[in-house]
Amino acid sequence: MISFGRTPRTVRSFVRRTGRMTGSQQRAIRDLLSTYGVGPKEEPLDFDNIFGRQADRVLDIGFGNGEALVCAAQQHPEQDFLGVEVHEPGVGHCLLIASKAGISNLRIVIQDAVEVLRERISDESITRMNLLFPDPWPKKRHHKRRLLRTPFVDLVGEKLRPGGSLHIATDWANYAEQIDAVMSESDVFELEERREHCGDRPIDRQTTKFESRGIAKGHQIWDWKFIRSP
Ligand SMILES: C[S@@+](CC[C@H](N)C(=O)[O-])C[C@H]1O[C@@H](n2cnc3c(N)ncnc32)[C@H](O)[C@@H]1O
1452 MISFGRTPRT VRSFVRRTGR MTGSQQRAIR DLLSTYGVGP KEEPLDFDNI
1502 FGRQADRVLD IGFGNGEALV CAAQQHPEQD FLGVEVHEPG VGHCLLIASK
1552 AGISNLRIVI QDAVEVLRER ISDESITRMN LLFPDPWPKK RHHKRRLLRT
1602 PFVDLVGEKL RPGGSLHIAT DWANYAEQID AVMSESDVFE LEERREHCGD
1652 RPIDRQTTKF ESRGIAKGHQ IWDWKFIRSP
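The sequence shown begins at 1452 in this note's numbering and counts up by one.
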């Protein structure tokens, strides 16, 4: 079990926002979680059973409104996708578009991704993880809330299979510096590729909603692909 050092685990990477849910998002959460959900919070995730097959598994942490996630699931029917998100309006939106797309290779968990990783996912069971535009927590006193810190990276390393990939992107220069520093200290991950671009050269991923917002504000994008070493 991974230790979160001197930072108590009650410091979470999110604050539950009471963002307004549309009627259709509420109905989606009520009606579609029986199809796209994965069962009670406490249960370990048995992917072979959930998807009824063995396939490469992609975990998307903090998928937002799910547009990029659903698009990836449509483009890769041979892979199984698990999206983890705590913002319920985003989950509702994702369920609606997943249902409209009629995809069967996607499941959604509404839970803190750190808990999901620690308690519900077996070691070396994931082929690819996405951490795309994690909340930047720009104020210095909030940096402890940033997900991409060494204990999280160690945890991700335990869950990815050797040779699996970790994809990270941000549009915050100061977070990009932290990501470079934290990942360079990891002895579990090797950098395969790093790009700085204007939103036109993502590494093997779809453009996300937050990325589009950043681009519209003139932000630069940082993209990384790391490989979990054997
Ligand atoms: C800045 S948004 C980016 C969303 C999406 N990846 C995109 O690029 O459009 C970050 C998202 O991560 C979610 N999030 C933050 N911490 C999380 C956690 N510990 N577990 C699950 N989701 C989390 C937030 O609710 C938010 O929707």
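Ideal Cβ positions, reconstructed from N, Cα and C, are used throughout, including at glycine.
Are the beta-carbon atoms of Phe1603 and Phe1661 separated by less than 7 angstroms? The residue you call residue 1603 lines up with position 152 of the sequence shown. The residue you call residue 1661 lines up with position 210 of the sequence shown. Against a cut-off of 7 angstroms, the Cβ pair of Phe1661 and Phe1603 comes out as no contact.
Expressed to the nearest angstrom, what Euclidean distance is found between the alpha-carbon atoms of Asp1611 and Thr1578? In the sequence shown, the residue the question calls residue 1611 occupies position 160. In the sequence shown, the residue the question calls residue 1578 occupies position 127. Before going further, note that residue 1611 is Leu rather than Asp in the sequence given. Answer to the nearest angstrom: the Cα atoms are 6 angstroms apart.
Across which residues does DSSP place Asp1674 in a beta bridge pair? Locating residue 1674 in the sequence shown gives position 223, where the first residue counts as 1. In DSSP, Asp1674 forms a bridge with Ala1620, Arg1646.
Closest to Met1472 by CA distance: which of Leu1546, Asn1625, Gln1505, Pro1653 is it? Here the question's residue 1472 lines up with position 21 in the sequence shown. It is Leu1546 whose Cα lies nearest to the Cα of Met1472.
Leaving out five residues before and five after His1670 in sequence, what residues of the same chain have Cβ atoms less than 7 angstroms from its Cβ? Locating residue 1670 in the sequence shown gives position 219, where the first residue counts as 1. So the qualifying residues of the chain are Asp1622.
By how many angstroms is the C-alpha of Gly1541 removed from the C-alpha of Arg1463? Your numbering for residue 1463 matches position 12 in the sequence shown. Your numbering for residue 1541 matches position 90 in the sequence shown. So the alpha carbons of these two residues sit roughly 18 angstroms apart.
Using a threshold of 7 angstroms, state whether the C-beta atoms of Leu1606 and Met1580 are closer than that. As a working mapping, residue 1606 is identified with position 155 in the sequence shown. As a working mapping, residue 1580 is identified with position 129 in the sequence shown. Result no, Cβ atoms of Leu1606 and Met1580 do not sit closer than 7 angstroms.
Below 7 angstroms between beta carbons: does that hold for Ala1524 and Leu1484? As a working mapping, residue 1524 is identified with position 73 in the sequence shown. As a working mapping, residue 1484 is identified with position 33 in the sequence shown. No, these two residues do not count as a Cβ contact at 7 angstroms.
Simplified DSSP assignment, three categories, for Ile1577: Here the question's residue 1577 lines up with position 126 in the sequence shown. Ile1577: strand per DSSP, three-state reduction.
Decide if Val1466 is buried, meaning its Cβ has at least 16 other Cβ atoms within 10 Å, or exposed. As a working mapping, residue 1466 is identified with position 15 in the sequence shown. Val1466 should be labelled exposed.
Say yes only if the C-beta of Ala1549 is nearer than 6 angstroms to one or more non-hydrogen atoms of ligand 1, and no if none qualify. For this step, residue 1549 is matched to residue 98 along the sequence shown. Not under cutoff, so the answer is no.
Nearest-angstrom Cα separation, counted from Ile1548 out to Val1535: On the sequence shown, position 84 is the one that residue 1535 refers to. On the sequence shown, position 97 is the one that residue 1548 refers to. One C-alpha to the other measures close to 16 angstroms.
Cβ-Cβ separation, Gln1657 to Cys1522 (assumed contact under 8 angstroms), whole Å: Residue 1522 sits at position 71 when you count from the first residue of the sequence shown. Residue 1657 sits at position 206 when you count from the first residue of the sequence shown. Yes, Cys1522 and Gln1657 are in contact; Cβ-Cβ is about 5 angstroms, under 8 angstroms.
Can you check DSSP and say which residues form a bridge with Phe1661? Taking the sequence shown and counting its residues from 1, the one referred to as residue 1661 is at position 210. The secondary-structure analysis by DSSP pairs Phe1661 with nothing; it has no beta-bridge partner.
At a cut of 8 angstroms, does the stretch 1582-1602 reach the stretch 1639-1649 through at least three beta carbon pairs? no
Considering Glu1566, what are the terminal residues of the alpha helix (DSSP H) in which it resides? For the purposes of this step, residue 1566 is taken as residue 115 along the sequence shown, with counting starting at 1. Counting along the chain, the alpha helix (DSSP H) containing Glu1566 begins and ends at 1564-1571.
Put Phe1465 into one of helix, strand or coil per three-state DSSP. Start at 1 with the first residue of the sequence shown, and residue 1465 comes out as number 14. In this structure, Phe1465 counts as coil in the three-state DSSP scheme.
Taking the alpha helix (DSSP H) that Glu1609 falls in, what are its first and last residues? Your numbering for residue 1609 matches position 158 in the sequence shown. Taken as a continuous stretch (DSSP letters only), the alpha helix (DSSP H) holding Glu1609 covers 1601-1610.
Which ranges would you report for the alpha helix (DSSP H) in the stretch 1477-1513 if only whole runs of at least 4 residues count? 1498-1502
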